[in-house]
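I have placed the structure first, in the form of structure tokens, so that the comments after it can refer back to it.
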Amino acid sequence: MLARSAEGLYWVGRHLERAEHLCRLLWLQVEALVDRPVEEIHFGWRRIYRSLRRAPPGGREEFGGGDDYTLADSYTLADDLTFEPTNPDSLWSCFASGRENARQTRHCISGEMWTSLNLAWLRIGALDIKQIWGASPETFYAETAREIDAFCGVAEATMYRDEGWRFMRLGRCIERALLTVALLRAQLDAAAEEEDEAEWTSLLRAYHALEAYHRQHGLAIASGAVLDLLVTDALLPRSLRRSLKAAAAELAAIGPGPGIRASAEATRLAEKLCALAEYEWHQRERVAAAQAREATLLRELEGHSRRLHELTTLTYFEYGIEDAPLH
Amino acid sequence: MDFDAYDLDPAIYDEAFLPDGAPRGHYRALHAAMREATPERFAAIKERINRSFAHESISFTLQEGDEAQERIIPVDCVPRILAATEWRELEAGLSQRLAALNRFLSDIYSGGRIVADGVIPADMVRGCPHYRLAMRGVEVPRGVYAAICGSDIVRTKHGYQVLEDNLRTPSGVAYMVANRKAVKAGLRRLYRRCRVREVEHYGRLLLETLTELAPHGRPDPTIVVLTPGVYNAAFYEHMFLANEIGAALVEGRDLLVNDGAVYMRSTAGLRRVDVIYRRVDDDFLDPLEFRPDSLLGVPGLMHAYKLGNVAIANAPGSGVADDKSVYAYVPDMIRYYLGEEPLLANVETYLCRRPRDLEYTLDNLANLVVKRVGESGGYGMLIGPGATPAERAEYANAVRANPADFVSQPVLALSRSPCFIDGKPAPRHVDLRPFVLQGGQTRMVPGAFCRVALREGSLVVNSSQGGGGKDVWVLADAPGEEP
Numbered sequence: 070m071l072a073r074s075a076e077g078l079y080w081v082g083r084h085l086e087r088a089e090h091l092c093r094l095l096w097l098q099v100e101a102l103v104d105r106p107v108e109e110i111h112f113g114w115r116r117i118y119r120s121l122r123r124a125p126p127g128g129r130e131e132f133g134g135g136d137d138y139t140l141a142d143s144y145t146l147a148d149d150l151t152f153e154p155t156n157p158d159s160l161w162s163c164f165a166s167g168r169e170n171a172r173q174t175r176h177c178i179s180g181e182m183w184t185s186l187n188l189a190w191l192r193i194g195a196l197d198i199k200q201i202w203g204a205s206p207e208t209f210y211a212e213t214a215r216e217i218d219a220f221c222g223v224a225e226a227t228m229y230r231d232e233g234w235r236f237m238r239l240g241r242c243i244e245r246a247l248l249t250v251a252l253l254r255a256q257l258d259a260a261a262e263e264e265d266e267a268e269w270t271s272l273l274r275a276y277h278a279l280e281a282y283h284r285q286h287g288l289a290i291a292s293g294a295v296l297d298l299l300v301t302d303a304l305l306p307r308s309l310r311r312s313l314k315a316a317a318a319e320l321a322a323i324g325p326g327p328g329i330r331a332s333a334e335a336t337r338l339a340e341k342l343c344a345l346a347e348y349e350w351h352q353r354e355r356v357a358a359a360q361a362r363e364a365t366l367l368r369e370l371e372g373h374s375r376r377l378h379e380l381t382t383l384t385y386f387e388y389g390i391e392d393a394p395l396h
Numbered sequence: 510m511d512f513d514a515y516d517l518d519p520a521i522y523d524e525a526f527l528p529d530g531a532p533r534g535h536y537r538a539l540h541a542a543m544r545e546a547t548p549e550r551f552a553a554i555k556e557r558i559n560r561s562f563a564h565e566s567i568s569f570t571l572q573e574g575d576e577a578q579e580r581i582i583p584v585d586c587v588p589r590i591l592a593a594t595e596w597r598e599l600e601a602g603l604s605q606r607l608a609a610l611n612r613f614l615s616d617i618y619s620g621g622r623i624v625a626d627g628v629i630p631a632d633m634v635r636g637c638p639h640y641r642l643a644m645r646g647v648e649v650p651r652g653v654y655a656a657i658c659g660s661d662i663v664r665t666k667h668g669y670q671v672l673e674d675n676l677r678t679p680s681g682v683a684y685m686v687a688n689r690k691a692v693k694a695g696l697r698r699l700y701r702r703c704r705v706r707e708v709e710h711y712g713r714l715l716l717e718t719l720t721e722l723a724p725h726g727r728p729d730p731t732i733v734v735l736t737p738g739v740y741n742a743a744f745y746e747h748m749f750l751a752n753e754i755g756a757a758l759v760e761g762r763d764l765l766v767n768d769g770a771v772y773m774r775s776t777a778g779l780r781r782v783d784v785i786y787r788r789v790d791d792d793f794l795d796p797l798e799f800r801p802d803s804l805l806g807v808p809g810l811m812h813a814y815k816l817g818n819v820a821i822a823n824a825p826g827s828g829v830a831d832d833k834s835v836y837a838y839v840p841d842m843i844r845y846y847l848g849e850e851p852l853l854a855n856v857e858t859y860l861c862r863r864p865r866d867l868e869y870t871l872d873n874l875a876n877l878v879v880k881r882v883g884e885s886g887g888y889g890m891l892i893g894p895g896a897t898p899a900e901r902a903e904y905a906n907a908v909r910a911n912p913a914d915f916v917s918q919p920v921l922a923l924s925r926s927p928c929f930i931d932g933k934p935a936p937r938h939v940d941l942r943p944f945v946l947q948g949g950q951t952r953m954v955p956g957a958f959c960r961v962a963l964r965e966g967s968l969v970v971n972s973s974q975g976g977g978g979k980d981v982w983v984l985a986d987a988p989g990e991e992p
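Protein chains in written order, with the working numbering: chain A, 70 to 396; chain B, 510 to 992.
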């Protein structure tokens with residue numbers, strides 16, 4: 070297929086995955102505003118901002134004490150992360166970019182997919198923070214996440230399984246891996262030295278993984294076990310391992326691309342990433358400083374995942390025409 | 510709903526009603542259905558249609574300052590209906606016209622017989638801004654320059670007339686199909702009863718046409734739709750057409766020329782392109798040939814084209830034939846090339862390049878529509894009766910300064926068709942853009958994009974200036990009727 074269309078679909082996958090990820094985090098966060106201690110709310114905001122590598126508006130990471138401050142600050146932060154058009158990571162921006170990429174590749178996706186996405190866009194585009202805050206912000210984030218899930222479901226049910234489908238999936242998987250690694254790194258970074266169960270519980274909930282965790286590990290929440298689940302679990306839909314394996318599978322299904330050198334490197338790197346998340350992660354327990362090793366592994370996973378994105382671009386979208394095969 | 514307040518102006522042809530107020534034969538079923546229905550029902554249908562357009566974002570792009578906005582063309586839910594005989598008249602007339610226009614283009618880029626024979630002035634052809642020197646002597650596949658034509662047809666009390674031909678990048682066909690889909694869903698029973706002919710197969714006819722133009726008769730050619738990009742007003746249509754014919758939707762930057770052949774950047778490498786359905790202007794096709802400052806074009810494209818390695822539809826330089834001055838000569842072309850009388854009339858046109866026409870135009874500015882020859886889309890024109898004396902004076906100065914850039918025509922009493930406006934039936938002015946395809950044979954879907962001036966009394970139907978759309982129902986022959 071046309072390289073630019075494939076790239077457009079790849080970015081549809083990436084932007085919408087990002088939008089959904091943010092929806093889930095913000096949903097948890099506005100829920101926490103109702104009944105959780107101030108420290109936990111602050112931790113939640115810190116975790117989101119650090120994972121996005123973005124400074125909160127005003128530039129401070131330390132929040133004023135007391136409930137009133139927390140609520141007022143939260144309103145500002147939620148606006149920044151939800152509707153701020155100059156923030157490229159805001160829900161609005163991710164959705165707008167995803168929809169724009171879909172608009173330009175509308176002939177490559179099913180009509181049902183387009184309509185489902187456009188309807189969601191028409192709804193979100195008509196709202197602002199004041200409206201959702203005045204009603205129920207939880208409902209807004211839940212609905213938006215559901216709309217993105219619905220889009221994915223409609224895609225699953227209606228899209229022809231051609232290259233376009235694969236590139237969209239590839240974008241989703243790479244984005245999912247990148248977001249997960251960034252969030253785990255932010256978690257380690259922002260978490261209290263004294264292990265705080267609530268901080269790790271909310272992380273599990275962001276991945277719909279709390280029940281799975283309890284089934285495997287019982288009621289006590291331990292950071293190491295949480296990380297294990299989110300990184301290596303074979304059944305958890307958003308675990309790092311599953312995201313990376315799915316990315317590798319899509320790459321393999323698409324096959325070698327015209328950027329020959331990048332193509333070979335991408336294949337090797339995808340395998341390496343899977344091995345890191347599947348085997349090497351478990352090996353960390355054998356070393357003395359297991360926690361330091363976790364941080365190192367996550368950094369490595371993040372670097373490699375970023376590289377995988379670059380290689381995808383060089384392999385299929387921005388390859389040099391000198392060596393490209395003629396058909 | 511009753512038609513008591515429906516304004517029947519004896520000076521204007523009404524598509525649906527005879528002067529005595531009785532519905533025309535082919536409008537009887539619609540008329541009855543509207544009379545039976547409540548305004549609420551039609552309001553609901555109209556709302557549903559326009560909502561579905563918004564939901565699917567069936568849009569055109571309007572540039573407002575720096576911002577490109579997606580706009581939805583408002584659709585009127587009352588179809589315009591054409592009897593089988595009316596359609597046959599249009600079909601024959603438009604086929605004849607496109608045949609002559611293609612002969613004309615072929616002629617002026619080879620020998621220029623028509624100029625030598627004094628039928629049309631040489632400077633009008635060579636001096637036309639759309640004349641392309643680069644096309645001289647180029648052999649185009651099957652002699653077809655204009656493969657896709659969308660002519661604007663108006664009807665007055667004197668019958669159908671061609672207002673202009675669009676041979677460069679005519680648009681609107683996507684709305685024809687979209688309007689049909691939406692209106693059909695709203696008026697299901699009536700649609701079934703009326704035995705309306707289908708238009709949804711336009712994509713198939715387009716694909717057949719483009720395939721026939723493939724270089725060296727290559728079977729299963731790779732076809733692309735070339736768009737200026739997402740900011741173009743008709744981007745939705747470009748996307749729609751690419752989808753309909755299963756082609757890649759490319760921009761200039763996706764194409765390159767290697768060793769005299771055109772390739773597109775695909776995910777598997779460079780893929781040879783055989784046919785380009787271009788929706789960009791000539792100027793932006795090839796910077797080496799036309800406009801060196803263009804970022805949109807494909808360097809070397811014309812070279813590959815001249816070698817016969819790729820087909821471009823419509824061919825570069827086709828715009829000469831839809832020039833507003835050349836237009837005045839189309840009836841002569843039909844007589845000259847085909848030896849036939851034109852089946853469809855032209856609108857009387859005064860060419861300001863002729864001193865007598867200039868004088869007439871300036872003396873009668875208040876009663877004429879004056880157009881700039883190089884403009885389209887309703888831009889740059891003066892509608893005399895609607896303009897202020899100051900506007901007319903300013904325009905007159907522009908005409909005097911460059912008479913050859915202007916033509917004028919009488920203000921036409923465009924026919925009106927019933928619409929559903931503010932809860933009741935009301936007449937509005939309409940035009941009609943059917944699409945003719947020319948490959949190895951001539952193809953047409955029985956239908957058209959009908960534009961309607963939704964503002965009361967307005968004659969401007971352009972989408973960019975407040976016009977709306979209407980579905981066009983061409984009826985099948987009644988059983989027993991002469992085919």
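Backbone N, C-alpha and C fix where the C-beta goes; we use that ideal spot for every residue, glycine too.
Whole angstroms is fine: what's the gap from residue i's alpha carbon to residue j's?
i, j, result
"H84(A)", "S292(A)", "29 Å"
"A756(B)", "G712(B)", "11 Å"
"L1016(B)", "C658(B)", "The requested residue 1016(B) does not occur in the structure, where chain B is confined to residues 510 to 992."
"A316(A)", "A344(A)", "13 Å"
"Y837(B)", "S179(A)", "A small fix is needed here, since residue 837(B) is Ala in this sequence, not Tyr. Roughly 45 Å separates the two Cα atoms."
"V107(A)", "E753(B)", "56 Å"
"L719(B)", "G948(B)", "7 Å"
"P801(B)", "L779(B)", "25 Å"
"I437(A)", "L94(A)", "Because chain A here runs from 70 to 396, residue 437(A) falls outside it and cannot be looked at."
"Y385(A)", "E100(A)", "42 Å"
"G828(B)", "Y640(B)", "7 Å"
"A171(A)", "V295(A)", "35 Å"
"H176(A)", "S166(A)", "17 Å"
"L102(A)", "I110(A)", "7 Å"
"E387(A)", "G328(A)", "8 Å"
"W96(A)", "H90(A)", "10 Å"
"V628(B)", "D831(B)", "17 Å"
Compare the C-alpha of residue i against each of the options and name the closest.
i, options, result
"C586(B)", "D729(B), T776(B), R550(B) and P808(B)", "R550(B)"
"L714(B)", "T951(B), F613(B) and N559(B)", "T951(B)"
"R580(B)", "N911(B), S566(B) and C703(B)", "S566(B)"
"A335(A)", "H378(A), T155(A) and R241(A)", "H378(A)"
"R544(B)", "P934(B), V954(B), L968(B) and I930(B)", "P934(B)"
"S308(A)", "D231(A), L247(A), G222(A) and N187(A)", "L247(A)"
"G895(B)", "A905(B), N911(B) and A875(B)", "A875(B)"
"L847(B)", "I662(B), A525(B) and S604(B)", "S604(B)"
"H710(B)", "L758(B), A683(B) and P679(B)", "A683(B)"
With a 10 Å radius around its C-beta and 16 neighbouring C-beta atoms as the bar for buried, classify residue i as buried or exposed.
i, result
"V882(B)", "buried"
"A601(B)", "exposed"
"T858(B)", "buried"
"T208(A)", "exposed"
"P638(B)", "exposed"
"R645(B)", "exposed"
"H283(A)", "exposed"
"Q98(A)", "buried"
"A531(B)", "exposed"
"I432(A)", "Missing from the structure shown is residue 432(A); chain A here goes from 70 to 396 and no further."
Report task. Quick one: which unbroken alpha helix (DSSP H) runs of 4-plus residues sit fully inside the segment 620-646 of chain B? Chain order, please. Result -> 622-625 and 631-635
Handout entry: Complete runs of the alpha helix (DSSP H) confined to the segment 757-815 of chain B [at least 4 residues]
Key = 810-815
Given 8 Å as the limit, is there contact between the segment 552-569 of chain B and the segment 691-699 of chain B, that is, 3 or more CB pairs closer than that?
yes
Which complete alpha helix (DSSP H) runs does the segment 675-719 of chain B hold, if anything under 4 residues is left out? 682-695 and 697-703
*Taking only runs that begin and end inside the segment 274-324 of chain A, name each unbroken alpha helix (DSSP H) of 4 or more residues, in chain order.*
279-286, 292-301 and 309-323
Touching or not, the segment 73-92 of chain A and the segment 236-244 of chain A, by the rule of three or more beta carbon pairs under 8 Å?
yes
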